[in-house]
Amino acid sequence: ALPAARGPLSAATRTASAQVISNGVAPDGRGVEVSFTDADGDERTGVIILARPEDIPAGAQLGVQYDPAEPEAVYAEGDAAHLTVRNLLFGMFWVGLVLLVCAAITVFRLVTRPRLRQRAVTTASARRVRVRRGLSDRSWLVLDHGGAVSWVPVYWDEAVSALHRDTPITVHGNPRRDRLILPVIDRTPIWPSGARRGSAPKGEETQPAPEDPVRRRSLARQVRGDAGALLFAPLFGLLWAYTDDSGVSGFLAATALSAGVLFWLPSIFGSDPTGPRDE
(Lines of atoms letter the chains of each structure in order from A and count residues from 1; the text may use other names and numbers.)
(Lines give C-alpha, C1' and ligand atoms only; values in the text may rest on other atoms or scores of the structure.)
Protein backbone atom coordinates (compact mmCIF):
# COMPACT_ATOMS: atom_id res chain seq x y z
CA ALA A 1 0.00 0.00 0.00
CA LEU A 2 1.09 3.56 -0.63
CA PRO A 3 1.32 4.66 3.05
CA ALA A 4 3.56 1.69 3.85
CA ALA A 5 5.77 2.40 0.84
CA ARG A 6 6.08 6.11 1.60
CA GLY A 7 6.62 5.64 5.34
CA PRO A 8 10.39 5.00 5.26
CA LEU A 9 10.97 7.84 2.80
CA SER A 10 8.89 10.25 4.87
CA ALA A 11 10.99 9.37 7.92
CA ALA A 12 14.23 9.98 6.00
CA THR A 13 14.27 13.72 6.70
CA ARG A 14 18.04 14.29 6.69
CA THR A 15 20.24 14.56 3.60
CA ALA A 16 23.95 14.09 3.08
CA SER A 17 26.59 13.55 0.42
CA ALA A 18 27.70 9.92 0.48
CA GLN A 19 30.63 8.06 -1.04
CA VAL A 20 30.24 4.60 -2.56
CA ILE A 21 32.25 1.96 -0.71
CA SER A 22 31.18 -1.15 -2.62
CA ASN A 23 28.61 -2.20 -5.17
CA GLY A 24 26.63 -5.41 -5.75
CA VAL A 25 26.01 -6.30 -2.11
CA ALA A 26 22.88 -7.94 -0.68
CA PRO A 27 20.05 -8.22 -1.45
CA ASP A 28 20.47 -9.95 -4.82
CA GLY A 29 23.40 -7.75 -5.78
CA ARG A 30 21.18 -4.66 -5.79
CA GLY A 31 22.74 -3.07 -2.72
CA VAL A 32 25.18 -0.17 -2.82
CA GLU A 33 27.14 0.38 0.41
CA VAL A 34 27.92 4.01 1.12
CA SER A 35 29.53 6.07 3.87
CA PHE A 36 28.53 9.57 4.86
CA THR A 37 28.82 12.11 7.64
CA ASP A 38 25.51 12.70 9.38
CA ALA A 39 24.16 15.98 10.73
CA ASP A 40 25.90 15.40 14.07
CA GLY A 41 29.29 14.98 12.42
CA ASP A 42 29.43 11.22 12.96
CA GLU A 43 30.72 8.95 10.20
CA ARG A 44 28.11 6.35 9.24
CA THR A 45 27.51 3.67 6.66
CA GLY A 46 24.36 2.40 5.02
CA VAL A 47 23.07 0.45 2.04
CA ILE A 48 21.05 1.87 -0.84
CA ILE A 49 18.84 -0.81 -2.41
CA LEU A 50 18.36 -0.36 -6.15
CA ALA A 51 15.56 -1.71 -8.29
CA ARG A 52 18.10 -3.74 -10.29
CA PRO A 53 21.87 -4.25 -10.12
CA GLU A 54 23.81 -1.34 -11.58
CA ASP A 55 27.50 -0.68 -12.07
CA ILE A 56 28.33 2.18 -9.71
CA PRO A 57 32.08 2.63 -9.21
CA ALA A 58 33.60 2.83 -5.75
CA GLY A 59 34.35 6.38 -4.72
CA ALA A 60 31.38 7.86 -6.60
CA GLN A 61 29.54 10.63 -4.78
CA LEU A 62 25.77 10.29 -4.28
CA GLY A 63 23.18 12.52 -2.69
CA VAL A 64 21.30 10.49 -0.09
CA GLN A 65 18.56 10.90 2.47
CA TYR A 66 18.41 8.99 5.73
CA ASP A 67 16.35 8.52 8.87
CA PRO A 68 18.14 10.08 11.88
CA ALA A 69 16.76 7.27 14.05
CA GLU A 70 17.98 4.57 11.65
CA PRO A 71 20.94 5.92 9.67
CA GLU A 72 21.66 2.49 8.18
CA ALA A 73 18.54 2.89 6.02
CA VAL A 74 19.76 5.13 3.22
CA TYR A 75 17.84 6.21 0.14
CA ALA A 76 18.74 7.91 -3.11
CA GLU A 77 16.63 9.23 -5.95
CA GLY A 78 15.77 6.40 -8.35
CA ASP A 79 16.34 3.56 -5.88
CA ALA A 80 13.87 0.73 -5.24
CA ALA A 81 11.95 2.62 -2.55
CA HIS A 82 11.42 5.70 -4.74
CA LEU A 83 10.53 3.52 -7.73
CA THR A 84 7.91 1.63 -5.71
CA VAL A 85 6.24 4.87 -4.63
CA ARG A 86 6.36 6.25 -8.16
CA ASN A 87 4.80 3.09 -9.59
CA LEU A 88 2.05 3.12 -6.98
CA LEU A 89 1.21 6.77 -7.66
CA PHE A 90 1.32 6.23 -11.41
CA GLY A 91 -0.91 3.17 -11.12
CA MET A 92 -3.37 4.92 -8.82
CA PHE A 93 -3.58 7.84 -11.25
CA TRP A 94 -4.43 5.60 -14.19
CA VAL A 95 -6.85 3.45 -12.21
CA GLY A 96 -8.64 6.57 -11.02
CA LEU A 97 -8.69 8.07 -14.51
CA VAL A 98 -10.06 4.89 -16.11
CA LEU A 99 -12.72 4.47 -13.42
CA LEU A 100 -13.70 8.13 -13.76
CA VAL A 101 -14.04 7.88 -17.55
CA CYS A 102 -16.05 4.65 -17.36
CA ALA A 103 -18.33 6.06 -14.67
CA ALA A 104 -18.81 9.33 -16.58
CA ILE A 105 -19.76 7.53 -19.80
CA THR A 106 -22.14 5.21 -17.97
CA VAL A 107 -23.85 8.01 -16.04
CA PHE A 108 -24.07 10.17 -19.16
CA ARG A 109 -25.89 7.40 -21.01
CA LEU A 110 -28.22 6.68 -18.12
CA VAL A 111 -29.14 10.36 -17.89
CA THR A 112 -29.40 11.27 -21.57
CA ARG A 113 -30.99 8.20 -23.15
CA PRO A 114 -34.40 8.60 -21.42
CA ARG A 115 -34.63 12.13 -22.84
CA LEU A 116 -35.02 10.63 -26.31
CA ARG A 117 -38.63 9.86 -25.39
CA GLN A 118 -39.36 13.59 -25.60
CA ARG A 119 -38.48 13.85 -29.27
CA ALA A 120 -41.07 14.02 -32.03
CA VAL A 121 -42.51 10.68 -33.15
CA THR A 122 -42.36 9.38 -36.69
CA THR A 123 -42.69 5.97 -38.33
CA ALA A 124 -40.29 3.77 -40.24
CA SER A 125 -40.04 0.18 -41.39
CA ALA A 126 -37.40 -1.82 -39.57
CA ARG A 127 -35.43 -5.01 -39.87
CA ARG A 128 -32.86 -6.51 -37.57
CA VAL A 129 -29.27 -7.20 -38.56
CA ARG A 130 -26.61 -8.78 -36.38
CA VAL A 131 -23.06 -7.67 -37.11
CA ARG A 132 -20.05 -9.60 -35.92
CA ARG A 133 -16.69 -7.86 -35.87
CA GLY A 134 -13.81 -9.60 -34.17
CA LEU A 135 -15.08 -10.99 -30.88
CA SER A 136 -18.09 -8.69 -30.65
CA ASP A 137 -21.69 -9.18 -31.80
CA ARG A 138 -24.04 -6.20 -31.96
CA SER A 139 -27.67 -5.82 -32.90
CA TRP A 140 -28.58 -3.17 -35.43
CA LEU A 141 -31.94 -1.93 -36.59
CA VAL A 142 -32.04 -0.91 -40.24
CA LEU A 143 -34.71 1.77 -40.62
CA ASP A 144 -36.30 2.77 -43.93
CA HIS A 145 -37.87 6.20 -43.58
CA GLY A 146 -39.24 7.49 -46.88
CA GLY A 147 -36.47 5.85 -48.90
CA ALA A 148 -33.70 7.00 -46.54
CA VAL A 149 -31.96 4.10 -44.80
CA SER A 150 -30.42 4.45 -41.35
CA TRP A 151 -28.44 1.96 -39.29
CA VAL A 152 -29.00 2.20 -35.54
CA PRO A 153 -26.95 0.11 -33.04
CA VAL A 154 -29.19 -0.96 -30.17
CA TYR A 155 -29.06 -2.77 -26.85
CA TRP A 156 -30.52 -6.22 -27.35
CA ASP A 157 -34.06 -6.83 -26.18
CA GLU A 158 -36.41 -9.75 -26.70
CA ALA A 159 -38.51 -7.49 -28.91
CA VAL A 160 -35.51 -7.20 -31.25
CA SER A 161 -35.30 -10.98 -31.70
CA ALA A 162 -39.04 -11.14 -32.43
CA LEU A 163 -38.92 -8.40 -35.08
CA HIS A 164 -40.03 -9.42 -38.57
CA ARG A 165 -38.47 -7.89 -41.64
CA ASP A 166 -39.91 -4.51 -42.71
CA THR A 167 -42.12 -4.21 -39.65
CA PRO A 168 -43.54 -0.68 -39.17
CA ILE A 169 -42.33 0.82 -35.89
CA THR A 170 -42.41 4.22 -34.23
CA VAL A 171 -39.27 6.28 -33.82
CA HIS A 172 -38.56 9.16 -31.45
CA GLY A 173 -36.37 11.56 -33.39
CA ASN A 174 -35.58 12.22 -37.03
CA PRO A 175 -34.04 9.14 -38.72
CA ARG A 176 -32.47 11.36 -41.36
CA ARG A 177 -30.96 14.08 -39.19
CA ASP A 178 -30.63 13.19 -35.51
CA ARG A 179 -27.50 11.48 -34.25
CA LEU A 180 -29.44 9.53 -31.63
CA ILE A 181 -32.95 8.20 -32.16
CA LEU A 182 -35.15 5.87 -30.12
CA PRO A 183 -36.93 3.03 -31.95
CA VAL A 184 -40.02 1.60 -30.24
CA ILE A 185 -41.22 -1.93 -31.04
CA ASP A 186 -44.66 -2.87 -29.72
CA ARG A 187 -44.43 -0.14 -27.06
CA THR A 188 -41.00 -1.41 -25.98
CA PRO A 189 -38.25 1.22 -26.24
CA ILE A 190 -35.15 -0.18 -27.90
CA TRP A 191 -32.38 1.96 -26.50
CA PRO A 192 -29.62 2.99 -28.92
CA SER A 193 -26.13 1.87 -27.97
CA GLY A 194 -24.47 4.29 -30.35
CA ALA A 195 -25.00 6.91 -33.00
CA ARG A 196 -27.15 6.45 -36.08
CA ARG A 197 -25.24 6.04 -39.31
CA GLY A 198 -26.21 6.17 -42.96
CA SER A 199 -24.27 3.12 -44.13
CA ALA A 200 -23.67 -0.43 -42.97
CA PRO A 201 -20.99 -0.92 -40.30
CA LYS A 202 -17.91 -3.00 -40.92
CA GLY A 203 -18.21 -6.66 -40.04
CA GLU A 204 -20.00 -9.85 -40.96
CA GLU A 205 -23.73 -9.26 -41.36
CA THR A 206 -26.41 -11.85 -40.65
CA GLN A 207 -30.18 -11.50 -40.52
CA PRO A 208 -31.46 -13.94 -37.88
CA ALA A 209 -34.92 -15.34 -38.40
CA PRO A 210 -37.56 -13.86 -36.08
CA GLU A 211 -38.11 -15.95 -32.96
CA ASP A 212 -41.64 -16.91 -31.99
CA PRO A 213 -41.69 -17.36 -29.10
CA VAL A 214 -38.49 -15.58 -28.16
CA ARG A 215 -36.01 -17.69 -26.22
CA ARG A 216 -34.93 -16.07 -22.99
CA ARG A 217 -31.21 -15.48 -22.58
CA SER A 218 -29.89 -15.82 -19.07
CA LEU A 219 -27.45 -13.45 -17.44
CA ALA A 220 -24.87 -16.24 -17.57
CA ARG A 221 -25.28 -16.39 -21.36
CA GLN A 222 -24.72 -12.65 -21.57
CA VAL A 223 -21.63 -12.91 -19.39
CA ARG A 224 -20.18 -15.71 -21.53
CA GLY A 225 -20.71 -13.62 -24.62
CA ASP A 226 -18.98 -10.60 -23.12
CA ALA A 227 -16.10 -12.56 -21.59
CA GLY A 228 -14.27 -13.36 -24.83
CA ALA A 229 -12.25 -10.15 -24.78
CA LEU A 230 -10.94 -10.97 -21.28
CA LEU A 231 -8.29 -13.12 -22.97
CA PHE A 232 -6.43 -9.91 -23.76
CA ALA A 233 -6.30 -8.73 -20.14
CA PRO A 234 -3.10 -10.65 -19.22
CA LEU A 235 -1.39 -9.24 -22.32
CA PHE A 236 -2.15 -5.70 -21.19
CA GLY A 237 -0.93 -6.68 -17.72
CA LEU A 238 2.38 -7.93 -19.11
CA LEU A 239 2.80 -4.79 -21.21
CA TRP A 240 2.13 -2.58 -18.18
CA ALA A 241 4.52 -4.52 -15.94
CA TYR A 242 7.25 -4.39 -18.60
CA THR A 243 6.97 -0.68 -19.41
CA ASP A 244 6.39 0.40 -15.80
CA ASP A 245 8.91 -2.03 -14.29
CA SER A 246 6.37 -2.79 -11.56
CA GLY A 247 6.80 -6.57 -11.46
CA VAL A 248 4.18 -9.07 -10.35
CA SER A 249 2.11 -6.54 -8.42
CA GLY A 250 1.88 -4.27 -11.45
CA PHE A 251 0.96 -7.21 -13.68
CA LEU A 252 -1.85 -8.32 -11.37
CA ALA A 253 -3.23 -4.80 -10.93
CA ALA A 254 -3.10 -4.00 -14.65
CA THR A 255 -4.64 -7.36 -15.56
CA ALA A 256 -7.53 -6.80 -13.14
CA LEU A 257 -8.12 -3.26 -14.42
CA SER A 258 -7.94 -4.39 -18.05
CA ALA A 259 -10.37 -7.23 -17.37
CA GLY A 260 -12.85 -4.81 -15.85
CA VAL A 261 -12.64 -2.43 -18.80
CA LEU A 262 -12.81 -5.22 -21.39
CA PHE A 263 -15.91 -6.60 -19.69
CA TRP A 264 -17.46 -3.13 -19.42
CA LEU A 265 -16.97 -2.20 -23.08
CA PRO A 266 -19.33 -4.80 -24.61
CA SER A 267 -21.94 -3.98 -21.99
CA ILE A 268 -21.89 -0.24 -22.59
CA PHE A 269 -21.76 -0.54 -26.37
CA GLY A 270 -24.52 -3.12 -26.64
CA SER A 271 -23.41 -6.73 -27.07
CA ASP A 272 -25.83 -9.23 -28.59
CA PRO A 273 -26.22 -12.50 -26.64
CA THR A 274 -27.80 -14.24 -29.65
CA GLY A 275 -24.52 -14.81 -31.46
CA PRO A 276 -23.67 -17.83 -33.62
CA ARG A 277 -22.77 -19.89 -30.54
CA ASP A 278 -26.34 -19.43 -29.37
CA GLU A 279 -27.86 -20.96 -32.50
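Everything in the sequence shown is counted per my numbering, starting at 1 for the first residue and increasing by one.
We treat Cβ as the ideally placed atom computed from N, Cα and C, and that holds for glycine.
C-beta contact flag for residue i and residue j at 8 Å
i    : j    : result
R179 : A195 : yes
D38  : R44  : yes
G46  : A26  : no
W191 : V154 : yes
P175 : L182 : no
S17  : Q61  : yes
D201 : W140 : Per the sequence presented here, residue 201 reads as Pro, with Asp not at that position. Closer than 8 Å, so yes.
V193 : G225 : The sequence given here places Ser at residue 193; Val does not occur at that position. Not closer than 8 Å, so no.
F263 : L219 : no
T170 : V129 : no
H172 : R132 : no
V98  : V261 : yes
P328 : V101 : The first residue shown for the chain is 1 and the last is 279, placing residue 328 beyond what the model contains.
Coil, strand or helix - residue i by DSSP
i    : result
P71  : strand
S10  : helix
A124 : strand
D226 : helix
S246 : coil
V85  : helix
V261 : helix
T274 : coil
F93  : helix
I56  : coil
A18  : strand
A214 : It should be pointed out that residue 214 corresponds to Val in this sequence rather than to Ala. Three-state result, V214: coil.
F36  : strand
R221 : helix
L135 : coil
R30  : coil
Residue i Cβ short of 7 Å to the ligand ATP heavy atom set
i    : result
W156 : This structure lacks the ligand ATP, and indeed carries no ligand of any kind.
Burial state of residue i (16 or more Cβ within 10 Å)
i    : result
V111 : exposed
R138 : buried
T255 : buried
S289 : This structure gives no information on residue 289, because the portion of the chain shown stretches from 1 to 279.
V152 : buried
V223 : exposed
V32  : buried
D166 : exposed
T243 : exposed
D79  : buried
I105 : exposed
A233 : buried
A159 : buried
G96  : exposed
G91  : buried
L116 : buried
Option nearest residue i by Cα separation, candidates the options
i    : options                : result
T15  : L163, T170, S150, E77  : E77
D144 : L135, S161, M92, A126  : A126
R52  : I185, W264, G247       : G247
L83  : P68, L116, L2, F232    : L2
V34  : G41, D42, D40, S22     : S22
Q207 : G225, G134, A124, L163 : L163
R197 : G203, S150, A241       : S150
L239 : D226, A253, A229, V32  : A253
L265 : D67, F90, L135, V129   : L135
D67  : F36, G59, V129         : F36
D55  : T13, G24, V184         : G24
E70  : A12, L88, V142         : A12
S161 : P273, V85, R177, P114  : P273
G250 : V142, F108, R115, V85  : V85
G146 : V131, R132, T123       : T123
R6   : D186, L89, G203        : L89
Item checked: Complete beta strand (DSSP E) runs within the segment 145-212 (minimum length 3 residues, chain order) -> 148-154, 167-172, 182-185, 204-206
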